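Number of protein chains: 2
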Amino acid sequence: MIPDQDFAPHLNTTLHEPLENLEKHLLSKQSKIECWLRNQWQNIQIPFYASVDLRNAGFKLAPIDTNLFPAGFNNLNPTTLPLCVQAVQSAIERLNETAYKILIIAENHTRNLYYLKSLATLRDILQQSGYQVRIGSLLPDLHEPLTLDLPSTQLVLEPLIKKNSCVSVEGFVPCIILLNNDLSLGHPSIFENIEQTIIPPLQSGWATRLKSNHFTHYHQVAQEFAEQIDIDSWLIDPLFRNCGELNFMKNEGYECLADNVDAILNNIQRKYNDYNVPYKPFVIIKADAGSYGMGVMTVHSADEIQALNRKQRTRMSKTKEGKSINKVILQEGIYTFETWGKDNAVAEPVIYMIDHFVVGGFYRVHTKRGINENLNAPGMQFEPLACINSCITPDNRQAPDAYPNRFYAYGVIARLALLAAAREINSVISY
Amino acid sequence: MIPDQDFAPHLNTTLHEPLENLEKHLLSKQSKIECWLRNQWQNIQIPFYASVDLRNAGFKLAPIDTNLFPAGFNNLNPTTLPLCVQAVQSAIERLNETAYKILIIAENHTRNLYYLKSLATLRDILQQSGYQVRIGSLLPDLHEPLTLDLPSTQLVLEPLIKKNSCVSVEGFVPCIILLNNDLSLGHPSIFENIEQTIIPPLQSGWATRLKSNHFTHYHQVAQEFAEQIDIDSWLIDPLFRNCGELNFMKNEGYECLADNVDAILNNIQRKYNDYNVPYKPFVIIKADAGSYGMGVMTVHSADEIQALNRKQRTRMSKTKEGKSINKVILQEGIYTFETWGKDNAVAEPVIYMIDHFVVGGFYRVHTKRGINENLNAPGMQFEPLACINSCITPDNRQAPDAYPNRFYAYGVIARLALLAAAREINSVISY
Chain Y
1 MIPDQDFAPH LNTTLHEPLE NLEKHLLSKQ SKIECWLRNQ WQNIQIPFYA SVDLRNAGFK
61 LAPIDTNLFP AGFNNLNPTT LPLCVQAVQS AIERLNETAY KILIIAENHT RNLYYLKSLA
121 TLRDILQQSG YQVRIGSLLP DLHEPLTLDL PSTQLVLEPL IKKNSCVSVE GFVPCIILLN
181 NDLSLGHPSI FENIEQTIIP PLQSGWATRL KSNHFTHYHQ VAQEFAEQID IDSWLIDPLF
241 RNCGELNFMK NEGYECLADN VDAILNNIQR KYNDYNVPYK PFVIIKADAG SYGMGVMTVH
301 SADEIQALNR KQRTRMSKTK EGKSINKVIL QEGIYTFETW GKDNAVAEPV IYMIDHFVVG
361 GFYRVHTKRG INENLNAPGM QFEPLACINS CITPDNRQAP DAYPNRFYAY GVIARLALLA
421 AAREINSVIS Y
Chain L
432 MIPDQDFAPH LNTTLHEPLE NLEKHLLSKQ SKIECWLRNQ WQNIQIPFYA SVDLRNAGFK
492 LAPIDTNLFP AGFNNLNPTT LPLCVQAVQS AIERLNETAY KILIIAENHT RNLYYLKSLA
552 TLRDILQQSG YQVRIGSLLP DLHEPLTLDL PSTQLVLEPL IKKNSCVSVE GFVPCIILLN
612 NDLSLGHPSI FENIEQTIIP PLQSGWATRL KSNHFTHYHQ VAQEFAEQID IDSWLIDPLF
672 RNCGELNFMK NEGYECLADN VDAILNNIQR KYNDYNVPYK PFVIIKADAG SYGMGVMTVH
732 SADEIQALNR KQRTRMSKTK EGKSINKVIL QEGIYTFETW GKDNAVAEPV IYMIDHFVVG
792 GFYRVHTKRG INENLNAPGM QFEPLACINS CITPDNRQAP DAYPNRFYAY GVIARLALLA
852 AAREINSVIS Y
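Now the structure itself:
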């Protein structure tokens, strides 16, 4: 099961005893964990899909971001696509047994080849699940279908039509509208008062979501889960804090920010002392409603806040589509001690779920970034997890840190983040 | 996608135009087919699992047997096990959201290594789905747990305990009882009036099932389906007839048998004339409640019935566990023009389903049998379908007879047989 050393993840730390204990715990309590998760999924609307960025520091394994409008389907290992198909069938049957037409609402990209390849893969998964699929676009200037040529396929983006409380594209009235646009700029009015099912619900968009709210729910989930399997919840939960409004361009709100950086660094250091972790604590500051890896920075002390130069401040002032950043989350930085390949490029796992099923994943790899930095940045590459199957088929006969078992741990922690997202969204939607 | 020629299936016939048309039909109407199937699964209890034997004659593709207590899980390609796990999770969640303990009821084999390996794989699939699993046995002389050593694992068969309307094994009261014993000899009284869920229902056992009843339902399903996609249902449906009681040892009931062999051969010949099929029609006679490939023979004319020798009659008089055969089904023989490997061993696909999901399959290969014979016989081998993923992910950009697309056709026809089994069982169980 051990992949070729040139194309395999490595965990480069000698400090992994706490994590091995965690992996051992998760394996030995698998049926209890799965039973607990099954109970959690009852009576709650589960996000249709999600991807979760994890960081594995050897001594700690935790989610750092949960995306409810995943792109990157093209980076999944093709052998896992049948799992995607089966999960889509389960999810949509439960949602609407008679549905047979799905309209995907795409991001407004027309030249981002990475995104367009993902969109084509998502379309193919839905088609292979047995649905008729078309792609609608919110592009303001789109008045007729736009055909985009990709290396091995075509995509057609179509303008939306609203009529009789239904959103459609020409000649195609969908039963289900699947958002693959994170709505950073707000809820488009075309989706107001329509009769069709929209998944995930509009409230999942970054116009309304806050990472701090997500991690508040995650903190609660982690505590409940840790109690079940009798571990310190910190091993799976990044500490975080948030501030009120701030303005990076006007240097406003820095005092609160600096105080919170100090507080969180002290809290991390206390935990590092408890576990004899010899590394330097750091904090990640990111837009509370940011996406696409924009508006993210690493700081090791409160002093760095005051010392931000104009370029750094500019970068922290706007996220996707030019949306201003006026709230941030301060998150415990988690080192990634995973590397990929013989060049030891820094890597972090990204796990994909459809409904409550883990369906695939890949390593996000960056040769130009450090182990304490955001890897979701230009220059990143993706390495599909050939062993992703192992996320759902651990092997009790192998060591807890063998690949199938480590990946099972990834699947569990990713599902905890999914559960947090489900609670987060269910708390704001009206049924 | 084309596998190594030494380890690949081949279709050895020039007469495959009707089948290619069928495969083309299935592909072009995929979303309609999946939608139709989705509607069929509503309001019907779906068998927990099933395996379906198919025969591909080039001009015709049809199921010849549907097993509701599948063994052979050990022959599935390991890469498809995650699909099994996901399907088990879907099926059991829908059945009983709070279940977490499953008791498998095994066949009474203790030395059949093939069966025991399958049982171990089934146990592992259920465990990886997150359930606690133990194995109960109906062996009459079993009074304490029996540990069996397999090459890479152990199996423990435990005696059943009945107490307070519950069946258990020592220290383990299951929420769900999963039958993997086909109950050829009748319903064990221990399962009467118990409160636990039994899947599949007791009525699925060969004590009550008849192949002729199954194929009556299949005939109806095939007609409804054929109407949907506008094909001749004969292309996917084997003709069949059945007789009243007979006794091979006493030569009783042969007249009806011979008449029916004649009638069915004539009907096949008419269809062969319609489609310019140059082959000789044949009929398979098999025990109407038979299993394990026992009590099966090939005849090409009614005369062969009268000419049966004592050895042939003895072989047709008893099926599994010595159960007498007094009813048979006469089924249109379907040539298999599929072969495996460079030795051109005769092969037929076997498709596995859990709930309504196609989860895997293999080729049953026999080097000592002809293209018009039962392959489920001693000496058979199994070749996992590496491309089984393709059963659920056809590729519209490839030719209709490319492997992924041929296998999609297999998955569709297998699911039609599953639907027939669902209707068959639902017509006899009381809710």
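Heads up: the sequence lines are chains Y and L, in that order.
Read left to right, the first sequence gives residues 1 to 431 (our numbering).
Read left to right, the second sequence gives residues 432 to 862 (our numbering).
Ideal Cβ placement from N, Cα and C applies to all residues, glycine included.
Because the structure is a prediction, the values reported are computed rather than measured.
Query	Result
Which runs of the alpha helix (DSSP H) spanning at least 4 residues fall entirely within the region 693-761 of chain L, listed in chain order?	734-737, 741-746
Between P70/Y and chain L, is there a C-beta pair that is closer than 8 Å?	no
Could you check what DSSP says for N426/Y in three-state terms: helix, strand or coil?	helix
So V85/Y is in the alpha helix (DSSP H); what residue range does that whole segment cover?	81-95
Would a check of beta-carbon distances place E863/L closer than 8 Å to chain Y?	This structure cannot speak to residue 863/L, because chain L is shown only from 432 to 862.
Between which two residues does the alpha helix (DSSP H) carrying R554/L extend?	544-559
What number of angstroms, rounded off, separates the C-alpha of I371/Y from the C-alpha of V277/Y?	15 Å
Helix, strand or coil for N441/Y, going by three-state DSSP, please let me know.	Because chain Y here runs from 1 to 431, residue 441/Y falls outside it and cannot be looked at.
Against chain L, which members of the region 83-95 of chain Y pass a CB distance test of less than 7 Å?	L83, V85, Q86, A87, S90, E93
With a CB to CB cut of under 7 Å and the five nearest residues on each side skipped, what residues in its chain are close to Q269/Y?	P281
If the criterion is Cβ atoms closer than 8 Å, does the pair M353/Y and R415/Y meet it?	yes
Excluding the five sequence neighbours on either side, which residues of its own chain have a C-beta within less than 8 Å of the C-beta of G253/Y, listed in chain order?	C243, G244, E245, L246, N247
Which residues, taken in chain order from the region 98-111 of chain Y, show a beta carbon closer than 9 Å to some beta carbon of chain L?	T98, A99, Y100, K101
Nearest by alpha-carbon distance to L150/Y: which of R134/Y, V167/Y, L119/Y, L138/Y is it?	L119/Y
Answer yes or no: does any C-beta atom of chain L fall closer than 8 Å to that of G253/Y?	no
Could you give the first and the last residue of the continuous alpha helix (DSSP H) run that contains N644/L?	642-660
Helix or strand or just coil, what does DSSP make of V52/Y?	strand
Taking the alpha carbon of I92/Y as the point to measure from, which residue in L68/Y, D53/Y, N273/Y, L178/Y has its own alpha carbon closest?	L178/Y
If I measure Cβ to Cβ from K455/L and keep anything under 6 Å in the same chain, skipping five residues before and after, which residues do I get?	P831
Count the other CB atoms within 10 Å of the CB of I667/L; is the residue buried (16 or more) or exposed (fewer)?	buried
Taking C-beta pairs closer than 9 Å, name the residues in chain L that Y49/Y reaches, listed in chain order.	Near Y49/Y there are no residues of chain L at all, since even the closest Cβ is about 15 Å away, more than 9 Å.
Would you kindly check if the distance between the Cβ of A302/Y and the Cβ of G295/Y is under 8 Å?	no
CB-CB under 6 Å to V221/Y, same chain, minus the five flanking residues each way: which ones, in chain order?	L416, L419, A420
Please tell me whether S31/Y has its Cβ less than 8 Å away from any Cβ of chain L.	yes
Which residues, in order along the region 351-362 of chain Y, keep a beta-carbon less than 7 Å from a beta-carbon of chain A?	Among the protein chains in the structure shown, which are Y and L, there is no chain A.
Opposite K163/Y in the DSSP bridges: which residues?	C166/Y
Whose Cβ in chain L lies nearer than 9 Å to the Cβ of Q381/Y?	Residues of chain L passing the Cβ test: none, with the nearest at roughly 25 Å.
Of the choices I429/Y, L37/Y, S28/Y, whose alpha-carbon is the least far from that of E224/Y?	L37/Y
Taking the C-alpha atoms as reference points, what is the distance between G130/Y and F172/Y?	16 Å
Using CA atoms only, rank isn't needed, just tell me which of G58/Y, P238/Y, N266/Y, L210/Y is closest to S427/Y.	L210/Y
Among all the DSSP beta bridges, which residues are the ones paired with F679/L?	Answer is none; F679/L lacks a bridge partner.
Going along the region 395-427 of chain Y in order, which residues come within less than 7 Å of chain L, judged by CB to CB distance?	none
Buried or exposed for P70/Y, going by 16 or more other Cβ atoms inside 10 Å?	buried
Drop a sphere of 10 angstroms on the beta-carbon of K323/Y, count the other beta-carbons inside from all chains shown, and report buried for 16 or more, exposed for fewer.	buried
So what does F357/Y bridge to, in DSSP terms?	I354/Y
Between the C-alpha atoms of Y480/L and W472/L, what's the straight-line distance to the nearest angstrom?	14 Å
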